[in-house]
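Engineer:
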Amino acid sequence: MIDAHKVAAARVAAAARLPYLASALFATTVRADPGSGTIGVDRAWTVRADPAVVEALPVDQLARLLIHLTAHVVRDHAGRADGLDRREHWNRAADAEINDDLEDAVPDVAPDRPEDLGCEPGRFAEHYYEAGAEGPRRWDCGSGADGRPDACEDGIGREQAALLRLGTAAEIHAQPPGTVPGGWQRWAESVLPSKVDWRRVLAAEVRAAVAAVSGMVDYSYRRPARRPHPDVLLPALVRPVPDVAIVVDTSGSMHDELLARALAEVEAVLKRAGLRRVRVLAVDTAVHAVRSVSRAAQVELAGGGGTDMGAGIEAAAVLRPRPSVVVVLTDGFTPWPDRPPRGIRVVVGLLSDGWHENPPEWARTVVIEGA
Numbered sequence: 001m002i003d004a005h006k007v008a009a010a011r012v013a014a015a016a017r018l019p020y021l022a023s024a025l026f027a028t029t030v031r032a033d034p035g036s037g038t039i040g041v042d043r044a045w046t047v048r049a050d051p052a053v054v055e056a057l058p059v060d061q062l063a064r065l066l067i068h069l070t071a072h073v074v075r076d077h078a079g080r081a082d083g084l085d086r087r088e089h090w091n092r093a094a095d096a097e098i099n100d101d102l103e104d105a106v107p108d109v110a111p112d113r114p115e116d117l118g119c120e121p122g123r124f125a126e127h128y129y130e131a132g133a134e135g136p137r138r139w140d141c142g143s144g145a146d147g148r149p150d151a152c153e154d155g156i157g158r159e160q161a162a163l164l165r166l167g168t169a170a171e172i173h174a175q176p177p178g179t180v181p182g183g184w185q186r187w188a189e190s191v192l193p194s195k196v197d198w199r200r201v202l203a204a205e206v207r208a209a210v211a212a213v214s215g216m217v218d219y220s221y222r223r224p225a226r227r228p229h230p231d232v233l234l235p236a237l238v239r240p241v242p243d244v245a246i247v248v249d250t251s252g253s254m255h256d257e258l259l260a261r262a263l264a265e266v267e268a269v270l271k272r273a274g275l276r277r278v279r280v281l282a283v284d285t286a287v288h289a290v291r292s293v294s295r296a297a298q299v300e301l302a303g304g305g306g307t308d309m310g311a312g313i314e315a316a317a318v319l320r321p322r323p324s325v326v327v328v329l330t331d332g333f334t335p336w337p338d339r340p341p342r343g344i345r346v347v348v349g350l351l352s353d354g355w356h357e358n359p360p361e362w363a364r365t366v367v368i369e370g371a
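Take the sequence shown: its letter number 159 is residue 159 in full-length UniProt numbering, and every next letter is one higher.
1. How big is the Cα-Cα spacing for L275 and V269?
2. Assuming the contact rule is C-beta atoms closer than 8 angstroms, V41 and L69 should be a hit. Round their C-beta distance to whole Å, please.
3. Of the residues A174, R165 and W45, which one's Cα is nearest the Cα of R272?
4. How would you label Y221, buried or exposed, when you count the other beta carbons within 10 angstroms and need 16 or more for buried?
5. How about P323 and A245: do their beta carbons lie closer than 9 angstroms?
6. Pull up the distance between the alpha-carbon of G157 and that of G343, whole angstroms please.
7. Label A49 either buried or exposed according to how many other C-beta atoms from any shown protein chain fall within 10 Å of its C-beta, with 16 as the threshold for buried.
8. For the beta strand (DSSP E) that T365 lies in, which residues bound it at each end?
9. Please report how far the alpha carbon of G83 lies from the alpha carbon of P149, in whole angstroms.
10. With a cut-off of 8 angstroms, do at least 3 Cβ pairs link the segment 120 to 128 to the segment 12 to 23?
11. G167 and L263 look like a contact to me (Cβ under 8 angstroms); what is the Cβ gap, rounded to whole Å?
12. Alpha carbon to alpha carbon, how far is A52 from G37?
13. Note down, in chain order, each residue of its chain lying with its Cβ closer than 7 angstroms to the Cβ of V280, except the 5 sequence neighbours on either side.
14. At which residues does the alpha helix (DSSP H) containing I246 begin and terminate?
15. Specify, as a first and last residue, the run of the beta strand (DSSP E) that R345 falls within.
So, in structure tokens, the structure goes:
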């Protein structure tokens with residue numbers, strides 16, 4: 001039996017070290033693999049652990065190893081190894097790519113760094129593999145690292161893994177400058193290129209709408225005045241709490257790249273508009289999912305049919321509490337309502353700079369360049 005409490009503690013410690021990897025860390029499944037003498041990860045994001053090895057490692061070292069193994073599957077080292085013959089050498093090269101960014105979190109059991117391979121830091125595993133990843137590997141990180149076939153793989157499928165990678169890249173892009181190692185930044189850029197300027201515009205629009213609502217005050221009897229008249233119940237001034245909903249177009253015309261950008265923009269709205277949570281609606285011609293999220297990785301993308309963003313705006317308008325702002329992320333191939341929902345500001349983020357149905361004049365429209 002694996003010490004579940006120890007594994008849980010290690011996961012929490014790992015997520016605290018690298019918060020942008022938290023969703024990926026907790027997406028992995030840990031299973032016992034007695035007698036293997038190692039802790040590795042397979043292509044399906046299952047961490048196969050020898051209970052004896054788990055017992056022998058301190059929590060801090062186990063946390064470091066979980067970060068290391070999760071990085072292998074997040075960076076798709078197995079997929080990138082397809083067609084290579086020297087699996088052990090690729091494992092070492094992939095270890096060096098990861099450990100170059102972990103700084104003080106490198107696991108003792110898998111310590112290879114670029115300098116150990118005679119290479120300069122700051123490169124990808126492909127470079128290290130060609131340049132000098134000779135010699136036996138220090139640690140077997142599993143098929144999720146070296147890409148070898150594994151008949152026992154069951155867990156996360158390719159589509160879910162792709163969404164987890166996109167979500168992780170979006171969270172990395174949303175981190176404050178200087179807080180993410182360069183290697184992780186380069187990886188995120190390769191998966192999901194960032195477009196910053198338009199996000200400032202969109203975030204400013206959202207902030208303006210939120211500020212407008214925040215500045216409103218009115219009298220309400222729901223919270224009586226603190227100094228009531230002895231014979232009359234007096235209302236008190238109240239300030240509405242602003243709320244934001246995001247409608248994500250999940251119709252058939254939204255291919256993987258556009259959905260990836262939509263996830264990145266959900267993260268950007270959260271971070272740059274200073275919001276803790278937003279409600280996200282997945283919509284084609286109907287609403288397929290509504291979730292309150294604090295990170296883009298929590299968004300549920302469902303749909304794949306026709307397109308009618310009016311259905312999403314209408315659904316957002318009847319949410320409780322009622323949103324003050326509705327952001328619509330779409331490729332623009334959609335009909336629009338004739339009029340806006342009463343009392344709600346609508347911001348449209350167009351994920352395509354090609355032909356599209358023009359959004360209505362009552363919405364603030366921002367074209368997301370390069371989508």
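For glycine and all other residues, C-beta sits at the position ideal for the given N, C-alpha and C. Fair warning: this is a prediction, and the values are worked out from it, not measured in the lab.
Structural biologist: Per the coordinate set shown:
1. Looking at the two C-alpha atoms, the distance is approximately 8 angstroms.
2. Contact between V41 and L69 holds, since their C-beta atoms are separated by about 4 angstroms, short of 8 angstroms.
3. The shortest Cα separation from R272 among A174, R165 and W45 belongs to A174.
4. In this prediction, Y221 has a pLDDT of 43, which is less than 50 and means its spatial position is unreliable; nothing more can be read from the coordinates.
5. Closer than 9 angstroms, so yes.
6. If I take the Cα positions, the gap works out to 43 angstroms.
7. Buried, because 16 or more other Cβ atoms sit within 10 Å of the Cβ of A49.
8. Its beta strand (DSSP E) spans residues R364 to V367.
9. Their Cα atoms are separated by approximately 12 angstroms.
10. Touching, no.
11. The beta-carbon distance between G167 and L263, rounded to whole angstroms, is 6 angstroms. This is short enough to meet the 8 angstroms contact definition.
12. Distance between the alpha carbons of A52 and G37: 8 angstroms.
13. Closer than 7 angstroms at Cβ, skipping near neighbours: I246, V248, V266, R291, V293 and V299.
14. Element bounds for I246: not the alpha helix (DSSP H) but the beta strand (DSSP E), V244 to D249.
15. Counting along the chain, the unbroken beta strand (DSSP E) around R345 starts and ends at R345 to L350.
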